[in-house]
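**Q**
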Amino acid sequence: MENDEPKPKARGHSGPRKRRPKNRNKKKDDDGEVAGASPAPSVVVRPGEAPSSPTRSKLCASAKPFSPTKSPPLRPAAGSPQSISPPSSLEVEAATRAYWVQWAIEAAEKERARRLGLLAEIQLAEDVERLRRQSWAMRAIEAEQQSRTANMFLEAMQNTAWFQATISPSFLDYEVVCPHSWFGCSYSCMLRHVEEHLRDCPYRQVPDTTVAEPMDLDSYDIVCPNAILGCKAVCSRDAVAEHLLVCSVVRTPEAEYEERMNKREVVIQASEDERLRRMHETKPWPLSELQRLYTEQAGALQMRLHSEIVAFADYTASPVDATAVACVLSRLCAIAQLVWPNVCVEPYGSFATQLNGPSSDVDVVIGYFGDAPVPPVPQFDVEVLADVLIRNGSERIVFTNIQAIPHAAIPLVKVLVELHAEDADHVIHVPLDITFWNLQHYGLASAALSRQLCADLPGLREVTLVLKYFLSKRGMNDVYRGGLSSYGLLLMVAHVMLLDEPKAEAVPDESDADVQGAIVPWQQSRGVQIGRAITSRVCSDGASPNLGKLFMDVLQYYGNDFQPEVDVVTVLLWIGQSEPWTTLYIQDPLHAPNNVGRNCYRISHILRGFNDALNYLTSLIVRGNDHKYASILDHILNGPIAPP
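One rule links them: number in the numbering used here = place in the sequence shown (from 1) + 171.
So, in structure tokens, the structure goes:
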């Protein structure tokens, strides 16, 4: 039965034990024990002895033990009686705690001050580094700006005559006379051959003896300092002062002023007499031998230039295949109609006027030229056209180098079309300048006007072709880069040809409100009408002009006589302009307020190029017709006076 007794049940873990609150009112020991007991040795603080140092601070690796400045707890004051009863354990604990709290506060403040000092040093170092980097960045920016300015200056000056003269050795080789010409030598040669001539020059001065004679630098004869005033006295160096006291030409300022006024009156009277003589003379003076020789040389050179200009115009008559251009324009019209239905494409510019050279672009305009109604949307946009051309290329016609220029005076798209013929090895490149029609677009009318002027003014087309190629070789025929357009160049040549002819009055603008259905014929008829009005007063004897003389006249007028700030290029009667211009003013005969040359800010380079070509031709006239080059015109266009 003993086994039947229930065994005591094992007690399992009943969970976390609750921490009993600290009994701060613990029963104290007997008063006798408390009174007689002394504080525990671990908390007893002896007078004059610091407590044991606590654990080293972990605020930083270099922390050091710290002792507070406050006196240890329960330290009796000096001179106090020692009969005071010792404190209780609670008082000792409270005092010790207050002591260490104060110690921790002071240690934290000390560490905080140290860290603030380190932060200030770091901030100062960062400020110094930032200032150093800012200074370096400013120096780098200034150096970059100076480099870009130098490159821009070099690009702007590389086509100038000054730059070419600086880098080209050909400008250092010119014709000179013998240095012994003073002694009678009449030999002249190029600068590089002077030394060879000097070795054999018969007038070379060789000293008779090699013995050097001593020179007396203290006493020698000099002329009177008043020799410029007329004194012819020569005296020794020591007697100059005595001579100046009695020099006969020394006059008072009043007498000298009166003499100058008298000479001025004499010169004025002589000039007036010469002017009256020239006004009243009936028989011109005979030309001198030099003038006659110059005229003969100029005539021979102009005849040679005439034949070369005619050959050049025939050679550049059709550099672009008209069939290929028609194929490209047909494809362009089909692509444009994908976005703008019923639009048409019409060529204008140099291609339509037969003034296109080997590097000329084909100018075309897109617009609603037919009788179909004009849709309200979408509006013409060059960027939209550029995107459409990129997406709709074909294997035979490829649109490359597409560039949209939306912010130009007339927005356009520049594109290079590659036309692949049936023969895969043959590719035709057709550069296009595509614009959109608006009321300020006079491209079709200007093409008709140019054709009419070329038909009525013989020689205009040939000289314009030569000058256009001359500008293209120097990169000054692109309007969007400050160059001169073909239309503006044609008007400049026509202006020179009509200088001595009576000018017709400007044709008033017509409203195109009633001709929306026939824009192309209306524009072409207006151009023909104005062209005939311009040439209606020209007196022509039917003879073919000398193209060489016309070419040199154009170079002379624009290279030497023309001032772009004052002079105006016009083929009609000039009616005046209230607003000043800063570049070049070419009055558009189609629309008088329009300035064709408003964007030609490189006109100074163009005029300087004309002046260089004229100087070269003048030098050929003076030296005689130079047969060293097979073609004078080719030397002007592609020779040393042209940029490399």
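Beta carbons: idealized from backbone N, C-alpha and C, even for Gly. This one's a predicted model, so the numbers in the text were calculated from it and none came from an experiment.
Nearest to A495 by alpha carbon, out of G630, T524, V588?
**A** Nearest C-alpha to A495: V588.
**Q** Do F540 and C515 have their C-beta atoms closer together than 8 Å?
**A** Their beta carbons are under 8 Å apart, which means F540 touches C515 by this criterion.
**Q** Less than 6 Å between C-beta atoms, sequence neighbours within five positions excluded: which residues of the same chain meet that for D683?
**A** Because the pLDDT of D683 is 49, which lies under 50, any placement of that residue in the model is unreliable, and the number read from its coordinates should be weighed accordingly. Excluding residues within five positions, none has a Cβ falling inside 6 Å.
**Q** Judging by CA-CA distance, which residue of G768, R622, R773, L808 is the nearest neighbour of A784?
**A** Out of G768, R622, R773, L808, L808 has the C-alpha closest to the C-alpha of A784.
**Q** Flag this pair as yes or no: are the beta carbons of L362 and Y345 separated by less than 8 Å?
**A** Taking 8 Å as the Cβ cut-off, L362 and Y345 qualify as a contacting pair.
**Q** Could you name each continuous beta strand (DSSP E) segment of 3 residues or more that falls completely within the region 409-451, going from the start of the chain to the end?
**A** List check, beta strand (DSSP E) in window: nothing returned.
**Q** Between the C-alpha atoms of G207 and R283, what's the straight-line distance to the nearest angstrom?
**A** At G207 the pLDDT is 43, less than 50, meaning the model places this residue with poor confidence; the figure from the coordinates comes in the next sentence. Rounded to whole angstroms, G207 to R283 spans 45 Å at the Cα level.
**Q** With DSSP collapsed to three states, give me the class of L556.
**A** Note: L556 maps to helix in three-state DSSP.
**Q** Could you compute how far the alpha carbon of R448 sits from the alpha carbon of N765?
**A** If you take the alpha carbons of R448 and N765, they lie about 46 Å apart.
**Q** Please determine, among W745, V740, L295, L744, the residue with the shortest C-alpha to C-alpha distance to L755.
**A** Checking every option, the nearest Cα to that of L755 belongs to V740.
**Q** Quick check on P350: does DSSP put it in helix, strand or coil?
**A** Here P350 sits in helix by DSSP.
**Q** What span of residues does the beta strand (DSSP E) with H591 cover, start to end?
**A** Taken as a continuous stretch (DSSP letters only), the beta strand (DSSP E) holding H591 covers 583-591.
**Q** Quick check: what's the CA-CA separation for Q305 versus H597?
**A** Taking the straight line joining both Cα atoms gives about 58 Å.
**Q** Rounded to a whole number of angstroms, what is the C-alpha to C-alpha distance between A704 and L718?
**A** A704 and L718: Cα-Cα distance of roughly 24 Å.
**Q** Which word fits F354, buried or exposed, when buried means at least 16 other C-beta atoms lie within 10 angstroms of its C-beta?
**A** Looking at its Cβ environment, which holds fewer than 16 other Cβ atoms inside 10 Å, F354 is exposed.
**Q** Put H762 into one of helix, strand or coil per three-state DSSP.
**A** In the structure shown, H762 sits in coil (DSSP, three-state: anything other than H, G, I, E or B).
**Q** Less than 8 Å between the C-beta atoms of G646 and N330, yes or no?
**A** Cβ distance < 8 Å, so G646 and N330 count as in contact.
**Q** Return the first residue and the last residue of the beta strand (DSSP E) that M361 is part of.
**A** 359-361 is the span of the beta strand (DSSP E), which, as asked, contains M361.
**Q** To the nearest angstrom, report how far apart I573 and C771 are at their CA atoms.
**A** Those two C-alpha atoms are separated by around 24 Å.
**Q** Would you give the residue range spanned by the beta strand (DSSP E) that V535 belongs to?
**A** Segment 533-538, the beta strand (DSSP E) holding V535.
**Q** Assuming A675 and L743 are in contact, meaning their beta carbons sit under 8 Å apart, how far apart are those beta carbons, in whole angstroms?
**A** That belief holds up - the Cβ atoms of A675 and L743 are roughly 6 Å apart, short of 8 Å.
**Q** DSSP puts L137 in a beta bridge; with which residues?
**A** A question about residue 137 goes unanswered here, because the residues of the chain that appear run from 172 up to 815.
**Q** Given a cut-off of 8 Å, decide if G659 and D534 are closer than it, judged by their beta-carbon atoms.
**A** Their beta carbons are not under 8 Å apart, which means D534 does not touch G659 by this criterion.
**Q** Just verifying my parser: in three-state terms, what is the DSSP assignment at Y519?
**A** Three-state result, Y519: strand.
**Q** Should P257 go down as buried or exposed, given a rule of 16 or more other Cβ atoms within 10 Å for buried?
**A** Burial call: exposed.
**Q** Could you please give me the residues that DSSP links to F570 through a beta bridge?
**A** Paired residue(s): V588.
**Q** Considering only residues of the same chain and omitting the five flanking positions on each side of G653, which have a CB-CB separation below 6 Å?
**A** Taken in chain order, the residues that qualify are Y772, R773.
**Q** Using only the alpha-carbon positions, how far apart do I803 and V634 sit?
**A** Distance between the alpha carbons of I803 and V634: 15 Å.
**Q** For A763, tell me which candidate among F781, T789, Y800, V678 has the shortest Cα-Cα distance.
**A** Among F781, T789, Y800, V678, the Cα nearest to that of A763 belongs to V678.
**Q** Where does L610 fall in DSSP's three states?
**A** If DSSP states are grouped into helix, strand and coil, L610 belongs with coil.
**Q** Can you tell me whether DSSP reads V737 as helix, strand or coil?
**A** Note: V737 maps to coil in three-state DSSP.
**Q** Count the other CB atoms, across all protein chains shown, that sit within 10 Å of the CB of D671; report buried if there are 16 or more and exposed otherwise.
**A** When all chains shown are included, D671 counts as exposed.
**Q** What would DSSP say about H776, mapped onto helix, strand or coil?
**A** Correct three-state label for H776: helix.
**Q** Kindly indicate which residue of D552, L721, T571 has the alpha-carbon position closest to the one of Q473.
**A** Here the closest residue by C-alpha is L721.
**Q** Can you have a look at I393 and say buried or exposed, based on whether 16 or more other CB atoms are within 10 angstroms of its CB?
**A** It counts as exposed.
**Q** From what residue to what residue does the alpha helix (DSSP H) around I276 run?
**A** Taken as a continuous stretch (DSSP letters only), the alpha helix (DSSP H) holding I276 covers 260-328.
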